[in-house]
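Chains as they are written, first to last, in my numbering: chain A, 910 to 1197; chain B, 4 to 255.
Don't be surprised by glycine CBs; every beta carbon is placed ideally from N, CA and C.
All figures in this text were calculated on a predicted structure; none of them were measured in a lab.
Single-structure report; data block below.
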Amino acid sequence: MVFWIELLIAGLVSGLVIGLVALSITLVFGIARFPNAATGDTMTLGAYGALAGHAATGSMLIGGAIGALGGAAVGLAAYALVFRRLSNRSTVALLVASIGIGFIIRAGLSLAFGHTQQVFQVPLVRPWRFQGVRIHPNDLRLAATAIASLAVVFATLYLTPIGRRMRAVADDPALARVSGISPVRVMVALWLLAGAVAAVAGVILGLRTVVSPEMGWEMLLPGFAAAILGGIGNPAGAVVAGLIIGIAQEMATPVVGFTYKIALSFVVMLVVLLVRPRGLFGRVEGVR
Amino acid sequence: MSLVLADLAKSWGGFCAVDAVSLTVPKGGLVGIIGPNGAGKSTLFSLVSGFLAPDAGSVTLDGADITRLAAHERARRGMVRTFQVPREFAHLTVRENLMAAVPGQSGETLRGLFLRPAMVRVEEQAAAARVADTIAFLRLDPVADTPAGKLSGGQKKLLELGRALMTDPALILLDEPFAGVNPVLVEALSAHIRALNARGIGFLIIEHDLPALTRLVGDIHVMDRGRVIASGPPAAVLADAAVREAYLGGSA
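The structure is reproduced here in C-alpha cells:
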C-alpha cells in the first residue's frame, strides 16, 4: 500500500510537469492554431537557464526565475522572427517551422552546455515520513511551484483584459479583429506565457531528474497526449489530463517496467484520437 | 463620422464582385443597401471593414484614407461591422464578449497588467459599468453570464450590436441585422438602431427585409451585379424601373 501511495505522489508531481507542458501546447494550439513542436526544447532551455542561474547566484529561486524568463524570451523571439511571418501559412508549415526552431534551441544548448547530463547542485534532503510513506520536501516545493504557475496562467486567462482577449481570439480571430482586438498584442502575451510555462516545466523536471539537451524533446509525446486527452485548446482539460497521464505512467511502472512507461502516453493518445477525438472535455469548436 | 467610398472594385478571377462602387454615408447618417443575392453587398462590407483589400478605389473615413488600414485599426477609429451570420466568442459569457471589445485598456498587454495593476482595476470597473448599461439597453440581462455559444439566434444578433457598441463606434456597418430574427425582435432592433442614431451614431445597413429597412433609413443604394444601380430616398428608389428589373425580373 505504502508503495502505491508513493507512486501516486510521484505520479502527481510528474503529472503537474506534463500538465504544464500540455498547457503550453494547448494555449498555442487554441490561439495560434498549430502544434508547437518547439515546446519540449523551450522546456530544456528553461532547465539550462535555471542551472546556469543557480550556479551563478546560488539561489534556486533566482535560477528558476531566469529559466522562466528565458523560456518567455525564446517564445517571443520564435514568434517575432518566425511564426509571425508564417501566420497566414498552413498549419503544416508552422509545425515544420516549430520542429526547426526546436532543433536550433537543442543544438544551441548542446553547444553551450555540452552533451553530458548535468544535475542541479542542491543539498540532499532526507525525506519526511508519514505512516511510513516517504515524501520528499523538494517534491512538495516543486508541486507548489507548478501549482502557483498554473494559478498565474489561469488568473491571467480568466480574470484580466488580455486573458479575455486571448480567449476571444481562440474562439474567433476574425471577430476579434473587427472588435478592435489587436492580434499582435494577443500573440505577444500568448508566446510569453507559453514559453514561460514550458520553461517552468523544464526547471521542475530538471530538479527532479537530470538536465540534458534531449530532456524536453522526450517530454513532447506525453505533453501532446495530455493536450489531446484534455480536448485540444482547452487549458483546464490539459492540466487534468496531464495529471491523469502522470499518475497512470507512475502506477504502471511496476507492471510494465520503466522503459515502457513512456509508451503509455502513446497508447493514451492513440485511443483518444480513435475513440473520442474531442478529448475528455471537448473543445473542437475552438479549433478549425 | 462620414464614410466615403470612391470607385471601390474587387474581382475574383474574371468575376467582378464589386465594380466601381461609390457611395457616401454622411456623419450620423442612416443609409441602407439592398440588392439581390450575389450583388456584392457583403463583399463591399469586407472591403470597407478591412477584411479584403480592394483592387482599386479608396475608403475614406472622416477625410482620412483608410484603404490600407488593418481591420482592428479601422475598428479603433470608430467604424465597426457585424456579420450576416451572427458570430460570437462562443466560450465567453455575454458579459465577457462585451468586455473583450472595450478599447483602450491598460490590461491589454502583460506589461500593463503587471506594471499598472491599479489602473487596470479602475479601467475594468469602468468597462464593467458600461457593459452592464449595454446589457440593460439590449435587455440581455437574463443571459448576461451565459456562454454566448448557447444563445438563441435573435439574442446573438443583439449581442453583435452590443459588441459593436462597446468599441465606441461613430459608424456601424450592419450585415442583414434582421435575417432570421422574429418580427417582434425586428421592431425592437429597429428601435435600438433609431435610439443609437439619435445619439449621433451612423449606420450603413445591408438588409433583405425591405419594409423594415425602408421604415428605418433615409437613403437607399441598390446594388446589382457589383454595381450601384440606383440611389436616393426609399420611395423614389423602389419606383425606379431598373430596380424593379433587378429585383422582380431576377426572381420572376
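What's the call for A255(B), buried or exposed, on a 16-neighbour Cβ count within 10 Å?
In this predicted model, A255(B) has a pLDDT of only 38, less than 50, meaning its place in the structure is not dependable enough to derive any value.
Roughly how many angstroms lie between the CA atoms of A1006(A) and L978(A), to the nearest whole one?
22 Å
Using 7 Å as the limit for Cβ to Cβ distance, is A74(B) near chain A?
yes
Contact with chain B by L1101(A), beta-carbon distance below 7 Å:
yes
Let me know the secondary structure DSSP gives P1144(A) once reduced to three states.
helix
Are at least three pairs of beta-carbons, each pair with one atom in the region 955-962 of chain A and one in the region 1085-1099 of chain A, less than 8 Å apart?
no
Please classify D68(B) as buried or exposed, where buried requires at least 16 neighbouring CB atoms within 10 angstroms.
The residue is exposed, with fewer than 16 neighbouring Cβ atoms inside 10 Å.
Out of R1038(A), G1155(A), T1054(A) and G980(A), point me to the one whose CA is closest to L970(A)'s CA.
T1054(A)
Within the 7 Å Cβ cut-off, does A182(B) reach chain A?
no
So, is the C-beta of E99(B) closer than 7 Å to a C-beta in chain A?
yes
Inter-residue Cα distance where the pair is A1052(A) and A919(A)
10 Å
Hey, out of A982(A), L954(A), P1144(A) and L1004(A), whose CA is closest to G1188(A)'s CA?
P1144(A)
Since V1069(A) meets chain B, which of its residues come closer than 8 Å, beta carbon to beta carbon?
The amino acid at residue 1069(A) is misidentified as Val; the sequence shows Thr. Ordered by position in chain B, the residues that pass the 8 Å Cβ test against T1069(A) are G110, L116 and V123.
Are the beta-carbon atoms belonging to A1147(A) and A931(A) less than 7 Å from one another?
Yes.
Span of the alpha helix (DSSP H) holding H195(B)?
P186 to A201
With a threshold of 8 Å on Cβ separation, who are the neighbours of A1157(A) within its own chain once the five nearest residues in sequence on each side are excluded?
G920, L1173 and V1177
Please tell me whether L113(B) has its Cβ less than 7 Å away from any Cβ of chain A.
yes
Through-space distance from G115(B) to G1139(A), alpha-carbon basis:
31 Å
What is the DSSP secondary structure of P150(B), reduced to helix, strand or coil?
Strand, per DSSP.
When the Cα of L174(B) is compared with those of A233(B), L207(B) and H195(B), which residue comes out closest?
L207(B)
Please list the segments of the beta strand (DSSP E) lying wholly inside the region 1032-1112 of chain A, counting only runs of 3 or more residues, in order along the chain.
1037-1039 and 1042-1044
Considering only the beta carbon of each residue, do Q87(B) and E210(B) sit closer than 7 Å?
no
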